[in-house]
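See below for the structure under consideration.
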Amino acid sequence: MTELTYAVLKYSFILALILFAWLAVRSLHKDVSAFLPSRDKRVRKKKKQMKEARSRTGRASSASSLSQDMPPASVTQTSIVSLVTHVPPFSSPVAPAKSDTTVLVIVDGKDAGMTFPLPQSCTLGRARDNSIVVSDQFISSHHARIYKGRKGEWVLEDLGSTNGTYLDEKQIAGPVIIKPGQLMRLGATTFELR
-6 MTELTYAVLK
4 YSFILALILF
14 AWLAVRSLHK
24 DVSAFLPSRD
34 KRVRKKKKQM
44 KEARSRTGRA
54 SSASSLSQDM
64 PPASVTQTSI
74 VSLVTHVPPF
84 SSPVAPAKSD
94 TTVLVIVDGK
104 DAGMTFPLPQ
114 SCTLGRARDN
124 SIVVSDQFIS
134 SHHARIYKGR
144 KGEWVLEDLG
154 STNGTYLDEK
164 QIAGPVIIKP
174 GQLMRLGATT
184 FELR
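Next comes the structure, spelled out in structure tokens:
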């Protein structure tokens, strides 16, 4: 072989390796980003709709107690229709929880809409021996734990997961107190405490 042929083969092989590595990284990036929750307009819109539905529900119950200020029947029917059409499309596979029971709701992810009543303590993860089993490939087998603190508050703790546990988009390092309405992200699944 001449030196020119050898140089052409050598540089062609290097370019082929670089192209292969670039294609592999691009493919991995697409796979991972497809499962991660996005911070785009859809998520913000969903949060806004949930808050509006909650505030409408609160206004409807307070308005019913004020019978003197009741609007005409046509306005009431319109209000009820608009209230029903703006309810988030979450359905619960579990029986409805009592009003004094705290529940954990999956608001974004593969199992969106599932509701879990919280006992005194529960673990979350992919393994079958967890209190709440989530089918998300980015969640560790024993990912996190939620339990009642000394003063009755709910506490979220990461159990050494690979991808971390996030509370309101901030990664937690140790046990943190969570309040109703806060969003928790484990892998590609987002939960809300209600």
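Per the working numbering, residue -6 is the first one in the sequence shown, and the count goes up by one each step. The C-beta atom is built at its ideal place from N, Cα and C for all residues, glycine as well.
In this structure, what does DSSP give as the bridge partners for residue i?
i	result
residue 212	The displayed coordinates of the chain run from -6 to 187. Any statement about residue 212 would go beyond what the structure contains.
residue 117	125, 137
residue 11	Its beta-bridge partners do not exist; DSSP assigns none.
residue 183	101, 178
residue 132	DSSP lists no partner for residue 132.
residue 169	149
residue 96	110
Using DSSP with H/G/I as helix, E/B as strand and the rest coil, what is residue i?
i	result
residue 150	strand
residue -5	coil
residue 44	helix
residue 104	coil
residue 111	coil
residue 57	Confidence at residue 57 is low in this model, with a pLDDT of 48, below 50, so the placement of that residue should be treated as unreliable; the coordinate-derived value is given next. Correct three-state label for residue 57: helix.
residue 6	helix
residue 19	helix
residue 144	coil
On the CB-based measure, 16 or more other CB atoms within 10 Å of its CB, does residue i come out buried or exposed?
i	result
residue 142	exposed
residue 0	exposed
residue -6	exposed
residue 174	exposed
residue 45	exposed
residue 22	exposed
residue 120	exposed
residue 185	buried
residue 118	buried
residue 18	exposed
residue 116	buried
residue 12	exposed
residue 14	exposed
Using 8 Å as the Cβ pair cut-off and three pairs as the minimum, do the stretch 144 to 161 and the stretch 173 to 181 touch? Yes, the stretch 144 to 161 touches the stretch 173 to 181.
Determine, using beta-carbon pairs with one atom in the stretch 158 to 169 and one in the stretch 105 to 114, whether at least three such pairs fall under 8 Å. Short answer: they don't touch.
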